[in-house]
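Everything on this sheet refers to the single structure shown next.
There are 2 protein chains.
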Amino acid sequence: MIKLLQIKEASKRIEKYIHFTPILTSSVLNDRTGADLFFKCENFQKSGSFKIRGVTNTVLQLTEQELEKGVVTVSSGNHGAALAKAVAKLGISPKVIMPKNTPKVKVDNVIRNGGEIIWCEPNQVSRNNTLNNILQKTSSTLVHPYDDSRIIEGQGTAALELLNQISNLDMVVTPVSGGGLLTGTLCSIIGVNKDIKVYGAEPIEADDAYRSLISGYIEKNETTNTICDGLRAQIGKITFPIIKDNVNGIFTLTEEEIIISMRLIWETMKIIVEPSCSIALAAVIKNRNIFEGKRIGLILSGGNVDLKNLPW
Amino acid sequence: MIKLLQIKEASKRIEKYIHFTPILTSSVLNDRTGADLFFKCENFQKSGSFKIRGVTNTVLQLTEQELEKGVVTVSSGNHGAALAKAVAKLGISPKVIMPKNTPKVKVDNVIRNGGEIIWCEPNQVSRNNTLNNILQKTSSTLVHPYDDSRIIEGQGTAALELLNQISNLDMVVTPVSGGGLLTGTLCSIIGVNKDIKVYGAEPIEADDAYRSLISGYIEKNETTNTICDGLRAQIGKITFPIIKDNVNGIFTLTEEEIIISMRLIWETMKIIVEPSCSIALAAVIKNRNIFEGKRIGLILSGGNVDLKNLPW
């Protein structure tokens, strides 16, 4: 478990470098779900996603020597772009290992922010081999996308802001992939108010966190055929135990349910969000028995979408 | 000229029925234009556009007898949807005359809000004939989309809010079609601070306001082949004289310039805006000599876009 104090320190550490993102509401979506929804708009965040929080918190704690030797990461897109943005002002170009099936818009974001892309096959083995190869050959520092307490502390600052912006929340829902955002959210919320329930939402097509929660052990994804390109990572060794002990549940959603929710958000709220965070609304719509009548925070984790390749 | 006091009264009259919309900024777009841009987000407004302001201000001033006899309007989409929304709570279904080439999403909005659609050909003659026919046959009241002081007062409330939200503006840019928004904006801004310059932006493909400003007389559009479905109307008899005497300039933009700006806003700001309001940013990008170094308010007039039919 990460202490609230650490997340509060992370919040102070990074506040100059990130946006304090707004909360949006929608009477149409409140009517549709029978609940009061409060959307934390990390799609408006610098680099287009919440990922800038964790990387900024981490990079600011690296030594000069570590920074001089360079940084490397593995990313499905948003983490890599955020890392590149965070270190660009230090004159550093990070190595970003990306699966070959990453959407072009996310590849472009990494390049535009100054990252150097190293391709791998779209599976965990190739990811790990490519990373180990680089770590052995160079003396770069790995900035892990989620399995690092500094990253988790950074991601937890989004929920900390949400709690300061909206009072009397009953529940919070976040997407879950590697688990950095969900774990940070859990640590923030338990630290502030144990009565607020926290749920994760995950595509059925990459439901390792859901299955791990049932078995009690880290389960693997054999395939990750989901439109949610930000939710294809493997649940982490640091994140999973915290999630297992504290989360109130993880919901799984079909591709169709995710796409319907994404379109609903675009059409009613007039904001651009990724499928990877539309899944939180999909979870609320699908599980009315749990969410009806509640005040619910939903973390809209990112807005980096290929506008030429929409799922409708 | 409409007095500031009337716009302030309109603002009080409608405030319960509309959203107080936020101002968004973008460091990327500031860098791109060399200016400080403040976007007034009427795309987040009830009914998806600023049009709810004018119709609410008008409908609230109709007599019970007028309301009983019904209301009718002509609309390229947003005004009709706003009128339907405004009178729905009174149990009234307005007749909305729409050109046959109106985008489906805007037709759907009118129907969803409870309006009854009456089709006309996509030209001014057919619009007028259809309207006159209904006015003669019924005793409905026309709620004009722009050429009515109550409408103009309502539209002027957006700029009034903008001035309260952002201090020290140098300039404001709005789209211009029939001229309701631009005229309301002019009246608000001149009433508050004559030093702030006000500009209109119009597609070259429907540039009647621009040509009228040059000739001094109301010029007609022969065709309106523009993607800006909200900017195809004819400049009005009430709006034009006020615009002519007060506007600092009207810029015309090509279809390509408009689409590039629309995509820029979607990609960098992560919000959904219509081509019809992206034109304001296009004007700022194109006329750097005028706008560079200035603090500029841009009214993002609406966000009702057919997500299945995007121009890229």
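Protein chains in written order, with the numbering used here: chain R, 1235 to 1546; chain W, 1235 to 1546. Every residue, glycine too, gets a C-beta built ideally from N, C-alpha and C. Note that the structure is predicted; figures quoted are calculated from it, not measured.
With which residues is Gly1531/W paired in a DSSP beta bridge?
Residue numbering aside, residue 1531/W sits at position 297 when the second sequence is read from its first letter. Answer is Phe1272/W and Val1406/W.
If you measure between the beta carbons of Val1293/R and Val1262/R, is that distance less than 9 Å?
Mapped onto the first sequence, residue 1293/R falls at position 59. Mapped onto the first sequence, residue 1262/R falls at position 28. Their beta carbons are not under 9 Å apart, which means Val1293/R does not touch Val1262/R by this criterion.
Contact set for Ile1222/W: own chain, Cβ-Cβ below 7 Å, skip 5 residues either direction
Chain W is shown only over 1235 to 1546; residue 1222/W falls outside these bounds and no answer can be derived.
Mind checking whether Thr1408/W and Ala1440/W have CB atoms under 9 Å apart?
Here the question's residue 1408/W lines up with position 174 in the second sequence. Here the question's residue 1440/W lines up with position 206 in the second sequence. It is not a contact, given that the beta carbons lie outside the stated cut-off.
List, in chain order, every chain W residue whose beta-carbon is nearer than 8 Å to that of Asn1277/R.
Counting from one through the first sequence, the residue named residue 1277/R turns up at place 43. Simply Lys1504.
Going by C-alpha distance, which of Leu1544/R, Asp1463/R, Pro1437/R and Ile1533/R is nearest Gln1279/R?
For the purposes of this step, residue 1279/R is taken as residue 45 along the first sequence, with counting starting at 1. It is Ile1533/R whose Cα lies nearest to the Cα of Gln1279/R.
How would you list, in chain order, the residues of chain R whose beta-carbon sits under 7 Å from the beta-carbon of Glu1501/W?
To locate residue 1501/W, count along the second sequence from 1; it is residue 267. The contacting residues are Leu1541.
Measuring CB to CB, does Gly1425/R end up less than 9 Å from Asp1381/R?
Residue mapping note: residue 1425/R aligns to position 191 of the first sequence, counting from 1. Residue mapping note: residue 1381/R aligns to position 147 of the first sequence, counting from 1. For Gly1425/R and Asp1381/R, no; Cβs fall outside 9 Å.
Taking Ile1430/W as the reference, give the member of Ile1530/W, Ala1269/W, Ile1236/W and Arg1287/W with the closest Cα.
The sequence position of residue 1430/W within the second sequence is 196, counting from 1. Ranking the options by Cα distance to Ile1430/W, first place goes to Ile1530/W.
Can you pull out the residues from the segment 1476 to 1500 of chain W whose beta carbon lies closer than 7 Å to at least one beta carbon of chain R?
Arg1497 and Trp1500
Do Leu1515/R and Leu1271/R count as a contact pair if the criterion is CB distance below 9 Å?
Taking the first residue of the first sequence as 1, we reach residue 1271/R at position 37. Taking the first residue of the first sequence as 1, we reach residue 1515/R at position 281. Taking 9 Å as the Cβ cut-off, Leu1271/R and Leu1515/R qualify as a contacting pair.
Mapping the DSSP letters down to three states, classify Ile1448/R as helix, strand or coil.
Numbered from 1 along the first sequence, position 214 holds the residue referred to as residue 1448/R. Of the three classes helix, strand and coil, the one that applies to Ile1448/R here is helix, per DSSP.
Does the beta carbon of Gly1464/R sit closer than 9 Å to a beta carbon anywhere in chain W?
Counting from one through the first sequence, the residue named residue 1464/R turns up at place 230. No, no contact with chain W.
Among all the DSSP beta bridges, which residues are the ones paired with Ile1352/R?
As a working note, residue 1352/R is residue 118 in the first sequence. Per DSSP, Ile1331/R.
Consider the Cβ of Pro1256/W: report whether some Cβ of chain R lies at a distance smaller than 9 Å.
As a first step, residue 1256/W is located in the second sequence; it is residue number 22 there, counting from the start. Answer yes: the Cβ-Cβ gap between Pro1256/W and chain R drops below 9 Å somewhere.
Is the segment 1334 to 1346 of chain W touching the segment 1310 to 1320 of chain W in the sense that three or more CB pairs, one from each, lie closer than 8 Å?
yes
Against chain W, with Cβ distances strictly below 9 Å, would Ile1377/R count as a contact?
If you number the first sequence from 1, residue 1377/R lands on position 143. Ile is not the amino acid found at residue 1377/R; the sequence shown has Val there. Closer than 9 Å: no.
Residues of chain R with CB under 9 Å from Leu1544/W, in chain order?
The sequence position of residue 1544/W within the second sequence is 310, counting from 1. Here the neighbours are Leu1541, Lys1542 and Leu1544.
Coil, strand or helix - Pro1475/W by DSSP
If you number the second sequence from 1, residue 1475/W lands on position 241. Three-state result, Pro1475/W: helix.
Curious, which full-length beta strand (DSSP E) runs of at least 3 residues does the segment 1453 to 1523 of chain W contain?
1483 to 1487
As an exercise, report each continuous alpha helix (DSSP H) stretch of at least 4 residues that is fully enclosed by the segment 1345 to 1390 of chain R, in chain order.
1358 to 1371
Quick one: residues in its chain with C-beta nearer than 6 Å to the C-beta of Ser1495/W, no 5 flanking neighbours on either side, listed in chain order?
Your numbering for residue 1495/W matches position 261 in the second sequence. The residues are Ser1512, Leu1515 and Ala1516.
On a CA-only basis, which of Glu1453/W, Glu1456/W, Leu1396/W and Leu1544/W is nearest Arg1497/W? Give me that one, please.
Position 263 of the second sequence, counting from 1, holds the residue named residue 1497/W. Ranking the options by Cα distance to Arg1497/W, first place goes to Leu1544/W.
Is the shortest distance between the beta-carbon of Val1341/W and the beta-carbons of chain R less than 9 Å?
The count along the second sequence starts at 1 and reaches residue 1341/W at position 107. Chain R, which has no Cβ nearer than 9 Å to the Cβ of Val1341/W, makes this no.
Using a Cβ distance threshold of 8 Å, determine whether the segment 1393 to 1406 of chain W contacts the segment 1353 to 1368 of chain W, with at least three qualifying pairs required.
no
Output the distance between the C-alpha atoms of Thr1391/W and Thr1375/W, rounded to the nearest integer angstrom.
Taking the second sequence and counting its residues from 1, one reaches residue 1391/W at position 157. Taking the second sequence and counting its residues from 1, one reaches residue 1375/W at position 141. Rounded to whole angstroms, Thr1391/W to Thr1375/W spans 24 Å at the Cα level.
Report the rounded CA-to-CA distance for Ile1472/W versus Asn1277/W, giving the unit in angstroms.
Within the second sequence, numbered from 1, the residue matching residue 1472/W stands at position 238. Within the second sequence, numbered from 1, the residue matching residue 1277/W stands at position 43. Straight-line Cα distance between these residues: approximately 26 Å.
Between the segment 1344 to 1368 of chain R and chain W, which residues of the former have a C-beta closer than 8 Å to a C-beta of the latter?
none
Amino acids of chain W, ordered along the chain, whose beta-carbon sits closer than 7 Å to that of Gly1537/R:
Position 303 of the first sequence, counted from the start, is the residue given in the question as residue 1537/R. Here the neighbours are Lys1504.
Does the Cβ of Thr1307/W have 16 or more other Cβ atoms within 10 Å, making it buried, or fewer, making it exposed?
Taking the first residue of the second sequence as position 1, residue 1307/W is located at position 73. So Thr1307/W counts as buried.
Which two residues bound the contiguous beta strand (DSSP E) that contains Val1539/R?
Translated into the one-based positions of the first sequence, residue 1539/R becomes position 305. No beta strand (DSSP E) contains Val1539/R, which DSSP labels as neither H nor E.
Taking the CB atoms as reference points, tell me whether Ser1446/R and Ile1469/R lie closer together than 9 Å.
Locating residue 1446/R in the first sequence gives position 212, counting from the first residue. Locating residue 1469/R in the first sequence gives position 235, counting from the first residue. Cβ atoms of Ser1446/R and Ile1469/R: closer than 9 Å.
Per DSSP, what are the beta-bridge partners of Pro1437/W in this structure?
For the purposes of this step, residue 1437/W is taken as the residue at position 203 of the second sequence. Leu1487/W, per the DSSP bridge assignment.
Any heavy atom of the ligand FMN closer than 8 Å to the beta-carbon of Ile1477/R?
The ligand FMN is not part of this structure, which contains no ligands at all.
Would you mind reading off the limits of the beta strand (DSSP E) that contains Thr1307/R?
For this step, residue 1307/R is matched to residue 73 along the first sequence. Looking at the DSSP string, the run of the beta strand (DSSP E) that includes Thr1307/R is Val1305 to Val1308.
Given Arg1522/W as reference, the closest of Ile1493/W, Phe1485/W and Val1539/W once Cα atoms are compared
Working through the second sequence from its first residue, we reach residue 1522/W at position 288. Closest by alpha carbon: Phe1485/W.
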